[in-house]
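Enquirer:
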Amino acid sequence: MIAATPVAAQTQTTTATISANVGTLATLTLSSANVSFPDADPDAVPQVAALGGPLSITAKARATRLSQVLLTVQANGPLRSGLDTIAVSAITWTSTGAGFVAGTLSSTTDVLVGSWTGSGTRSGTQDLMFQNLWTYASGTYTATLTYTLSAP
Amino acid sequence: MTRAALLCLAVLVVRSSTASAQPLDLQLSVSPRTITFASANPDTSPTVTAAPISVTVRVKGPKTLQWHLSVLADGDLVAGPSTIPISNVTWAATQAPPFQNGTLSRTTAQTLAGGSGALNPGTTSTVTFSLVNSWLYDAGTYTQTLTFTLSSP
């Protein structure tokens, strides 16, 4: 005869605390660091599209709950060619992608490119256009644009 | 054998079964008792790994003894109104078997180790927890409690 040896049921428990620190974070990716507008006849092409087509923008942000994530752009001054200048407001854009908006470039204030609520990855395009006028002095004009993505 | 003798034998067996319960000793140790995931960029660190913890189990009892170590989260990772599913946390354990890898749950205790027979001296496993990182998480400091249970039926 085999009789199972009884053993009293027993339980041991202990606890541990698990925690995760999720800091605010933002990364911005543009498909190109340079935007160029080709020369064109103002009568034939009053609005000149950028070479290479629209900029592709990917804005990744980790923000506090329900906070506003903003993408802005500002020029460092007018378009310059030696002493000649063209106001950067000659550059406008249209956009695609949720949260991306159309705008007009400024060298004095940040102009909104996109806004969203909370964390996430957002992708869109910015199609820059240059207003072509007969009044511009001929030359090669440049300016620097600074894109800022903020995630509070 | 007479009917009286059979009755006597049955009584003796019952008495021996109830009187000689073998001592059972289960010991569980978790150290340290804090598991922390640092903040990291999801693009460069799609998975965040916490510093390993040591889980030690010692079982003293008969060879037929079945024992089980489980872990259960009290809920999702919580930071105020924000949450991260606790199922985004997995672990990898050394000393397999009796330890095994798994995924945390807030509804069902998950097996961390199990076996039969004594485990004496005890066995220590290095358990490393990992969190799936995401751009979708709200910023914040998330916490939750894990309960480790070593049991024998």
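In order, the protein sequences belong to chains V and X. Once you know that position 22 of the first sequence is 21 in numbering that gives the first Met the number 0, the rest is easy, because the numbers rise by one and skip nothing. Once you know that position 63 of the second sequence is 62 in numbering that gives the first Met the number 0, the rest is easy, because the numbers rise by one and skip nothing. Backbone N, C-alpha and C define an ideal beta-carbon position, used for all residues, glycine too.
#1: How would you list, in chain order, the residues of chain V whose beta-carbon sits under 9 angstroms from the beta-carbon of X/Gln99?
#2: So with CB distances below 9 angstroms, who are the chain V contacts of X/Ser129?
#3: So does the segment 53-70 of chain V actually touch the segment 114-132 of chain V, counting three or more Cβ pairs closer than 8 angstroms?
#4: Please determine whether the Cβ atom of V/Leu127 lies at a distance below 7 angstroms from any heavy atom of the ligand COA.
#5: If we ignore side chains and look at the alpha-carbon of each, how far apart do X/Ser15 and X/Asn132 end up?
#6: Can you tell me which of the three DSSP states V/Ala89 falls into?
#7: Going along the chain, which residues of its own chain have a beta-carbon closer than 8 angstroms to the beta-carbon of X/Ala4, five neighbours each way excluded?
#8: To the nearest angstrom, report how far apart V/Thr84 and V/Leu78 are at their CA atoms.
#9: Cβ closer than 8 angstroms: which chain B residues qualify as neighbours of X/Asn40?
#10: Can you list, in chain order, the stretches of the alpha helix (DSSP H) that have 4 or more residues and sit fully within the segment 95-124 of chain X?
#11: DSSP has X/Lys62 in a bridge; who is on the other side?
#12: Beta-carbon of V/Ala97 versus every beta-carbon of chain X: anything under 8 angstroms?
#13: So which residues on chain V does X/Pro154 lean against when the C-beta distance must stay under 8 angstroms?
#14: Within the same chain, show all residues whose beta-carbon is closer than 7 angstroms to that of V/Ala2, passing over the 5 residues directly before and after it, in chain order.
#15: If we call anything under 8 angstroms between Cβ atoms a contact, is X/Thr48 one with X/Ser104?
#16: Do V/Ala95 and V/Gly102 have their C-beta atoms within less than 8 angstroms of each other?
#17: Quick one: grab the DSSP three-state call for V/Asn152.
#18: Check for me: the beta strand (DSSP E) holding X/Ile83 runs from which residue to which?
#19: Under DSSP, the beta strand (DSSP E) around V/Gly113 begins and ends at which residues?
Expert: If we stick to the structure as given:
#1: Result: empty, since nearest Cβ-Cβ is about 18 angstroms, beyond 9 angstroms.
#2: What X/Ser129 touches in chain V: nothing, since even the nearest Cβ is about 11 angstroms away.
#3: yes
#4: The ligand COA is not among the ligands present in this structure, which contains no ligands whatsoever.
#5: Reliability of the predicted coordinates at X/Ser15 is poor, the pLDDT of 34 falling under 50, and no value is obtained from them.
#6: Look at V/Ala89 here: in three-state DSSP terms it is helix.
#7: Because X/Ala4 sits at a pLDDT of 41, beneath the cut-off of 50, its placement in the model cannot be relied upon, and the point is left open.
#8: Linking V/Thr84 to V/Leu78 through their CA atoms gives a straight-line distance of about 5 angstroms.
#9: You won't find chain B in this structure, because its protein chains are V and X.
#10: none
#11: Per DSSP, X/Lys62 has no beta bridge partner at all.
#12: no
#13: With chain X running from 0 to 152 in the structure shown, residue 154 of chain X is simply not present.
#14: Any answer about V/Ala2 is weak, because its pLDDT of 43 lies below 50 and its placement is not dependable; what the coordinates show is given next. The answer is none, since no qualifying residue turns up.
#15: No, these two residues do not count as a Cβ contact at 8 angstroms.
#16: First, the amino acid is wrong: residue 95 of chain V is Thr here, not Ala. Their beta carbons are not under 8 angstroms apart, which means V/Thr95 does not touch V/Gly102 by this criterion.
#17: Outside the displayed range of chain V (0 to 151) lies residue 152 of chain V, so it cannot be described from this structure.
#18: 81-83
#19: V/Gly113 -> beta strand (DSSP E) spans 110-116.
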